[in-house]
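Residue numbers (the working numbering), protein chains in the order written: chain A, 1 to 67; chain B, 1 to 205. For every residue, glycine included, the Cβ atom is placed at its ideal position computed from N, Cα and C. So the structure is just underneath, and the comments pick up after that.
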């Protein structure tokens with residue numbers, strides 16, 4: 001697993017923006033036409049902020065969520 | 001294919017807003033665009049979209065649609081808008097003048113070991129301690145923000161709180177929470193926003 005630590009600040013804000021855009025907002029059931037495989041930001045907490053999704057792999061049960 | 005972007009109060013969006021088309025339904029307007037391709041699933045595309053949503057939310061109260069939301073054609077857009085217009089209108093009224101802050105909270109002190117490392121008992125104890133400390137830290141943030149928070153959601157990762165605050169108080173609230181975070185040597189606290197109310201878009205019955 002490759003994890004890249006990045007400085008806290010603007011990068012965290014970017015992660016929040018992407019996370020909330022694809023995890024929040026108005027939901028109209030069944031009409032989200034988007035594969036998120038290409039969205040390569042995964043939130044792992046402040047100590048492991050950003051990592052390419054394909055390097056992180058599945059989130060362990062009870063672990064931090066990624067998108 | 002029609003891609004939906006946001007719901008705004010009827011009459012509040014202009015021709016210049018993002019170059020989007022407008023569909024009126026009840027007291028709201030749905031901002032949308034016709035497109036031949038589904039929304040791109042790249043970070044750059046999502047971020048670009050997000051920046052436009054944030055800029056629009058600075059001028060107009062809005063409910064952002066979840067990124068990637070589409071309907072097939074004008075008939076489906078009309079049906080969706082008619083079905084949801086009342087609920088969207090009520091929620092928009094409640095969210096007008098409000099914005100969202102996201103507060104990251106992480107405990108930085110390691111738990112104290114009580115059993116030899118590697119044992120199942122030690123692991124369970126460490127895990128329970130971590131969970132308890134994290135819960136306590138989140139409760140502390142709720143208390144610190146109680147004066148300003150109108151609604152609050154724990155995000156799915158368990159480390160972030162989405163907090164709905166008055167847009168006028170957002171900067172002050174953020175500064176106070178950040179200062180409080182710096183005073184806590186056992187926590188790492190980071191605040192982002194103000195954002196549109198991404199986490200508060202559920203419809204009210």
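Per-residue DSSP class, three states only, for residue i
i	result
residue 181 of chain B	helix
residue 75 of chain B	helix
residue 202 of chain B	coil
residue 83 of chain B	helix
residue 26 of chain A	strand
residue 42 of chain A	Here the model assigns residue 42 of chain A a pLDDT of 48, short of 50, so the residue's position is not dependable, and the following value carries that caveat. Residue state, collapsed to three classes: coil.
residue 92 of chain B	helix
residue 2 of chain A	Bear in mind that a pLDDT of 39 at residue 2 of chain A, under 50, signals an unreliable position, so the number given afterwards is only what the model happens to contain. Here residue 2 of chain A sits in coil by DSSP.
residue 206 of chain B	It is not possible to answer for residue 206 of chain B, since the shown part of chain B is limited to 1 through 205.
Through-space distance from residue j to residue i, alpha-carbon basis
i	j	result
residue 160 of chain B	residue 39 of chain B	27 Å
residue 42 of chain B	residue 121 of chain B	43 Å
residue 73 of chain B	residue 3 of chain B	10 Å
residue 14 of chain A	residue 78 of chain B	33 Å
residue 97 of chain B	residue 191 of chain B	19 Å
residue 13 of chain B	residue 49 of chain B	17 Å
residue 37 of chain B	residue 1 of chain B	8 Å
residue 94 of chain B	residue 198 of chain B	14 Å
residue 143 of chain B	residue 184 of chain B	14 Å
residue 45 of chain B	residue 170 of chain B	27 Å
residue 22 of chain A	residue 125 of chain B	35 Å
residue 150 of chain B	residue 119 of chain B	44 Å
residue 8 of chain B	residue 61 of chain B	6 Å
residue 19 of chain A	residue 66 of chain B	10 Å
residue 156 of chain B	residue 108 of chain B	20 Å
residue 35 of chain B	residue 11 of chain B	24 Å
Span of the alpha helix (DSSP H), counted from its first residue to its last, around residue i
i	result
residue 33 of chain B	Counting along the chain, residue 33 of chain B falls outside any alpha helix (DSSP H), though it belongs to the beta strand (DSSP E) covering 28-34.
residue 192 of chain B	From DSSP, residue 192 of chain B is part of no alpha helix (DSSP H) but of the beta strand (DSSP E) over 187-195.
residue 124 of chain B	120-145
Cross-chain neighbours of residue i in chain A, by beta carbon under 7 Å
i	result
residue 192 of chain B	12, 13 and 16
residue 199 of chain B	20 and 24
residue 18 of chain B	In chain order: nothing, as chain A lies at least about 15 Å away.
Where the beta strand (DSSP E) through residue i begins and ends
i	result
residue 150 of chain B	From DSSP, residue 150 of chain B is part of no beta strand (DSSP E); its letter is neither H nor E.
residue 24 of chain B	21-25
residue 102 of chain B	98-107
residue 45 of chain B	From DSSP, residue 45 of chain B is part of no beta strand (DSSP E) but of the alpha helix (DSSP H) over 43-57.
residue 6 of chain B	2-9
residue 166 of chain B	160-166
Residue i: contacting residues in chain A (beta-carbon distance under 8 Å)
i	result
residue 195 of chain B	16, 17 and 20
Closer than 7 Å to chain C by CB, residue i
i	result
residue 121 of chain B	Considering every chain present, this structure includes no chain C. Its protein chains are A and B.
### Task
Taking a Cβ distance cut-off of 9 Å, strictly less, list which residues of the region 2-16 of chain B are near chain A, in chain order.
Listed by position along the chain: 3, 4, 6 and 7.
#### Entry: Cβ-based contacts, 9 Å cut-off: residues of the region 45-67 of chain B near chain A
Cβ contacts with chain A: 45, 46, 47, 49, 50, 51, 53, 54, 63, 64, 65, 66 and 67.
### Query
Using a Cβ cut-off of 7 Å, which residues of the region 136-160 of chain B contact any Cβ in chain A, in chain order?
Contacts with chain A (Cβ-Cβ distance below 7 Å) from the region 136-160 of chain B involve 156, 157 and 159, listed in chain order.
### Message
Give me the subset of the region 75-103 of chain B whose CB atoms are less than 8 Å from a CB atom of chain A, sorted by chain position.
### Response
Within the region 75-103 of chain B, the qualifying residues are 80, 84, 88, 100 and 102.
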